[in-house]
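Just below is one structure, and these are the notes that go with it.
Residue numbers (the numbering used here), protein chains in the order written: chain A, 637 to 731; chain B, 25 to 754.
This is the structure:
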């Protein structure tokens with residue numbers, strides 16, 4: 637699953653690549669992710685809609701909203717969370 | 025085991041059975057508010073033996089005088105613990121805690137505005153087989169958000185009592201209490217091991233495993249399903265079963281289930297999360313009507329200003345500056361009142377009791393010791409007042425959000441900012457404020473570095489020494505040398521905190537650095553009643569725990585400074601010599617007290633730092649509180665009614681010389697070395713007492729004392745020796 641995601645990495649973005657206010661769908665985690673289980677338990681499961689609310693004033697961490705809750709995540713962790721765009725089907729996306 | 029760590033006996037006898045009710049829930053679900061609302065101030069705070077985790081319990085009395093012990097478990101997201109406090113909560117619930125048996129009943133407190141995630145934990149607890157009551161908290165907020173919940177539908181689906189409440193508004197609590205009382209009368213609430221997991225198609229992959237577990241000792245379907253999910257997702261669980269059962273078909277069954285999941289694109293590690301969320305999403309879809317717009321809107325608007333790229337830090341600075349300024353100025357009034365009141369009390373005792381050892385001990389030992397305890401209370405009360413407001417409004421999390429960037433650099437998180445800032449006023453409330461840090465490792469490191477922040481008790485020491493020895497030179501009309509030195513002392517403390525945080529993480533407190541996943545709760549109006557609970561709790565914890573230690577040490581220090589008394593004959597001799605106009609040893613009395621002897625004993629050790637035995641005495645007595653060195657020096661030099669700004673005391677210091685060489689005892693370099701020592705050494709019994717209280721062991725305060733002493737010694741040694749070598753020695 638994860639390796640598949642890597643091979644289609646042109647279609648997926650890291651969570652911290654989103655712009656403030658932008659929504660995306662969680663597509664998976666990179667293999668090197670720490671605290672994977674905690675993120676999953678907090679509802680960041682594949683298919684959940686996630687919104688990058690904003691970056692902290694000094695650029696790190698980020699504020700995201702998932703399932704109605706706002707969470708603060710460090711960018712290093714957000715880099716390991718993969719997302720795909722909401723407005724495009726995953727097979728249709730073009731760059 | 026001491027009395028305070030004694031835990032209620034397991035399933036106490038039938039005659040007067042205490043029903044033990046555990047409150048479980050996610051952090052920020054309002055669990056503690058429910059706890060406070062149920063128990064009022066009838067709470068008992070102890071520690072689980074040997075760990076820093078608090079055990080908070082309280083009593084609720086039902087009809088027929090039936091007693092319910094309510095236990096507030098540490099907040100958890102699931103039954104897979106990530107930290108020590110989570111571990112304890114999970115162990116208690118699963119019945120694997122050696123210190124505490126599983127509860128008779130669990131009340132799961134859930135934030136109804138974020139139900140899915142809260143149900144994740146709730147369904148896990150239900151599957152253990154414990155009787156569960158679900159308290160849907162924050163119903164008032166849900167109404168504001170136009171969120172409609174089908175409470176009965178939820179209760180039917182989960183097959184447990186569900187009570188909608190709003191703990192902050194004291195709403196629905198009577199119903200919750202009645203539900204508990206009913207349980208007290210009837211016992212179990214009729215769950216029959218029914219599982220909700222079966223309702224999603226995906227859960228079928230578990231079925232062969234469920235069957236296997238049912239044949240191997242887990243009778244209830246709910247328990248067997250939960251174990252099946254765990255054994256698929258967690259290799260440790262599989263290992264445990266293999267160790268217990270030896271060769272079996274279990275690994276093959278697990279492998280098969282994992283493969284089936286993989287075919288559906290689900291990594292096996294995520295099995296439990298995916299299947300539970302599938303069920304929960306279904307339950308939520310059927311029982312909750314989400315409005316088009318969510319309630320986060322107002323919070324988002326407020327955040328647009330409060331965590332704005334430029335306004336955010338500025339506003340934060342203003343809020344915190346106002347807060348600390350208020351603590352400082354407001355606390356001064358009651359602190360003076362306490363001091364005046366106690367000095368009146370002392371005078372009263374002097375009037376009533378005849379002079380002698382008893383009077384001396386009461387006035388200078390006991391009353392002074394009580395004063396040393398009480399003087400902290402105003403600062404603690406005001407800090408916790410503001411801290412509770414910041415936390416309950418949701419702003420505290422924003423401070424952490426803004427400041428995390430900087431704290432991450434030293435391996436901590438934004439949550440350490442307020443405790444460290446508070447420590448500039450006083451490390452005691454600062455260390456108490458570390459309770460707002462979720463991660464236990466971060467909390468311990470913050471506790472250990474907080475005393476490096478230059479607190480207000482160091483200021484009199486800096487004032488005296490800078491005033492006496494640092495010449496008032498201006499550089500280029502902008503920089504004033506005394507001011508620069510003062511700034512340097514504050515900076516030195518901060519640098520020491522950063523350096524030691526790094527060292528501690530590397531060598532002493534290992535363990536994973538935090539990833540700092542923090543919730544940013546919606547902004548809310550605080551409820552005063554709960555603010556006052558918190559203030560009361562903090563004050564009480566300080567006085568009853570740390571207070572005892574501080575009082576005892578004060579009396580010991582008084583004894584050391586007062587005994588043994590010089591014999592009458594010697595005093596007469598001295599007076600005779602003095603009358604005859606001969607040279608006498610001015611320091612005789614203090615020299616032969618225990619403190620004086622200790623000062624002389626350590627003199628060889630502190631000489632390389634530039635200190636003589638009189639300064640040594642000051643180092644010992646200032647263990648009571650740093651500013652005590654000022655009054656100790658005053659006593660040594662026979663001065664009355666002086667403080668750190670008095671010219672008399674400065675002159676006395678400047679004039680003092682070594683009897684053998686005639687060289688001055690104090691030089692600017694000695695003063696600098698002494699100040700550096702005071703920046704870095706843990707010269708404060710109150711700090712050590714509160715560290716003992718907060719970490720629940722003597723290990724950390726003892727460690728703290730010695731590592732800070734080592735730090736201080738090396739730094740002062742370097743300053744004095746290098747300074748002397750460079751010719752600044754005179």
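We put the beta carbon where it would ideally sit given N, CA and C, even for glycine.
Could you tell me the boundaries of the beta strand (DSSP E) in which residue i lies?
| i | result |
| --- | --- |
| residue 685 (chain A) | 685 to 691 |
| residue 360 (chain B) | Where residue 360 (chain B) is concerned, there is no enclosing beta strand (DSSP E), although the alpha helix (DSSP H) it sits in stretches over 335 to 376. |
| residue 49 (chain B) | 42 to 49 |
| residue 67 (chain B) | 67 to 71 |
| residue 720 (chain A) | 717 to 721 |
| residue 665 (chain A) | 659 to 665 |
Where does the unbroken alpha helix (DSSP H) through residue i begin, and where does it stop?
| i | result |
| --- | --- |
| residue 584 (chain A) | Any answer about residue 584 (chain A) is impossible in this case: the structure gives chain A only from 637 up to 731. |
| residue 161 (chain B) | That residue, residue 161 (chain B), is in no alpha helix (DSSP H); its beta strand (DSSP E) goes 156 to 161. |
| residue 298 (chain B) | 295 to 311 |
| residue 576 (chain B) | 571 to 586 |
| residue 694 (chain B) | 692 to 704 |
| residue 261 (chain B) | 259 to 269 |
| residue 188 (chain B) | Element bounds for residue 188 (chain B): not the alpha helix (DSSP H) but the beta strand (DSSP E), 186 to 188. |
| residue 486 (chain B) | 483 to 493 |
| residue 422 (chain B) | 419 to 433 |
| residue 64 (chain B) | From DSSP, residue 64 (chain B) is part of no alpha helix (DSSP H); its letter is neither H nor E. |
| residue 636 (chain B) | Where residue 636 (chain B) is concerned, there is no enclosing alpha helix (DSSP H), given that its DSSP letter is neither H nor E. |
| residue 456 (chain B) | 451 to 456 |
| residue 144 (chain B) | 139 to 152 |
| residue 747 (chain B) | 723 to 749 |
| residue 447 (chain B) | Residue 447 (chain B) -> no alpha helix (DSSP H), and no H or E assigned at all. |
Going by the DSSP bridge assignment, what does residue i pair with across the sheet?
| i | result |
| --- | --- |
| residue 552 (chain B) | For residue 552 (chain B), which the question treats as bridged, DSSP gives no partner whatsoever. |
| residue 134 (chain B) | B:160 |
| residue 91 (chain B) | B:42 and B:85 |
| residue 499 (chain B) | B:503 |
| residue 699 (chain A) | A:690 and A:708 |
| residue 649 (chain A) | A:719 |
| residue 681 (chain B) | B:688 |
| residue 173 (chain B) | B:312 |
| residue 195 (chain B) | B:190 |
| residue 129 (chain B) | B:45 |
| residue 80 (chain B) | B:69 and B:96 |
| residue 542 (chain B) | A:708 |
Between residue i and residue j, which are expected to be in contact by the criterion C-beta below 8 Å, what is the C-beta distance as a whole number of angstroms?
| i | j | result |
| --- | --- | --- |
| residue 479 (chain B) | residue 499 (chain B) | The Cβ separation is near 28 Å, so there is no contact. |
| residue 100 (chain B) | residue 48 (chain B) | 7 Å |
| residue 464 (chain B) | residue 107 (chain B) | 5 Å |
| residue 700 (chain B) | residue 516 (chain B) | 7 Å |
| residue 190 (chain B) | residue 144 (chain B) | Actually they are not in contact, since the Cβ atoms of residue 190 (chain B) and residue 144 (chain B) sit about 22 Å apart, beyond 8 Å. |
| residue 43 (chain B) | residue 208 (chain B) | 5 Å |
| residue 421 (chain B) | residue 543 (chain B) | 7 Å |
| residue 707 (chain B) | residue 646 (chain B) | 5 Å |
Original post:
Taking Cβ-Cβ distances below 9 Å as the criterion, which residues of the stretch 687 to 699 of chain A are in contact with chain B?
Top reply: If the cut-off is 9 Å between Cβ atoms, the stretch 687 to 699 of chain A has 689, 690, 691, 692, 693, 694, 695, 696, 697 and 699 near chain B.
Original post:
Between the stretch 79 to 91 of chain B and the stretch 582 to 589 of chain B, do three or more beta carbon pairs fall short of 8 Å?
Top reply: Under the three-pair Cβ rule at 8 Å, the stretch 79 to 91 of chain B does not count as touching the stretch 582 to 589 of chain B.
Original post:
Counting pairs of beta carbons, one from the stretch 442 to 452 of chain B and one from the stretch 396 to 408 of chain B, are three or more of them closer than 8 Å?
Top reply: yes
**OP:** Report yes or no: do the stretch 678 to 695 of chain A and the stretch 651 to 666 of chain A share at least 3 C-beta pairs separated by less than 8 Å?
**Re:** yes
Subject >> At least three beta-carbon pairs within less than 8 Å, the stretch 326 to 346 of chain B to the stretch 420 to 437 of chain B >> reply: With three or more CB-CB distances shorter than 8 Å, the stretch 326 to 346 of chain B counts as touching the stretch 420 to 437 of chain B.
Subject >> Contact list for the stretch 331 to 357 of chain B against chain A, Cβ threshold 8 Å >> reply: 331, 332, 333, 334, 336 and 337
Subject >> Selection of the stretch 713 to 724 of chain A by Cβ proximity to chain B, strictly under 8 Å >> reply: Contact annotation: in the stretch 713 to 724 of chain A, residues whose CB is within less than 8 Å of a CB in chain B are 713.
Subject >> Any 3 or more C-beta pairs closer than 8 Å across the stretch 391 to 399 of chain B and the stretch 353 to 370 of chain B >> reply: yes
Original post:
Just by C-beta distance, which residues in the stretch 651 to 668 of chain A are closer than 7 Å to chain B?
Top reply: none
Subject >> Interface positions of the stretch 87 to 118 of chain B facing chain A (Cβ-Cβ less than 7 Å), listed along the chain >> reply: 101, 102, 104 and 106
Subject >> Where the stretch 421 to 444 of chain B meets chain A: residues whose CB sits under 7 Å from a CB there >> reply: 425, 426, 428, 429 and 432
Subject >> Interface positions of the stretch 139 to 151 of chain B facing chain A (Cβ-Cβ less than 8 Å), listed along the chain >> reply: 140, 141 and 144
**OP:** With 7 Å as the C-beta to C-beta threshold (strictly closer), list the residues of the stretch 526 to 559 of chain B near chain A in chain order.
**Re:** 539, 540, 541, 542, 543 and 544
Original post:
Listed in chain order, which residues of the stretch 285 to 304 of chain B have Cβ atoms closer than 8 Å to some Cβ of chain A?
Top reply: Taking 8 Å as the Cβ-Cβ cut-off against chain A, the residues of the stretch 285 to 304 of chain B that qualify are 286, 289, 290, 291, 293, 294, 297, 298 and 301.
Original post:
Are the stretch 694 to 704 of chain A and the stretch 43 to 59 of chain B touching, with three or more C-beta to C-beta distances below 8 Å?
Top reply: No, the stretch 694 to 704 of chain A does not touch the stretch 43 to 59 of chain B.
Original post:
Using 8 Å as the Cβ pair cut-off and three pairs as the minimum, do the stretch 662 to 676 of chain B and the stretch 618 to 625 of chain B touch?
Top reply: no
Subject >> Members of the stretch 631 to 645 of chain B near chain A, C-beta cut-off 8 Å >> reply: none
**OP:** Check whether the stretch 325 to 339 of chain B touches the stretch 171 to 187 of chain B, taking contact to mean three or more Cβ pairs, one atom from each stretch, closer than 8 Å.
**Re:** no
**OP:** Could you say if the stretch 194 to 211 of chain B and the stretch 154 to 164 of chain B meet the contact criterion of at least three C-beta pairs nearer than 8 Å?
**Re:** The stretch 194 to 211 of chain B vs the stretch 154 to 164 of chain B: in contact.
Subject >> Three or more C-beta pairs below 8 Å linking the stretch 671 to 681 of chain B and the stretch 501 to 519 of chain B >> reply: Contact between the stretch 671 to 681 of chain B and the stretch 501 to 519 of chain B is absent, with fewer than three C-beta pairs closer than 8 Å.
Subject >> Interfacial residues, the stretch 127 to 139 of chain B to chain A, with Cβ spacing under 8 Å >> reply: Taking 8 Å as the Cβ-Cβ cut-off against chain A, the residues of the stretch 127 to 139 of chain B that qualify are 137 and 138.
Original post:
Using 8 Å as the Cβ pair cut-off and three pairs as the minimum, do the stretch 250 to 270 of chain B and the stretch 226 to 238 of chain B touch?
Top reply: yes
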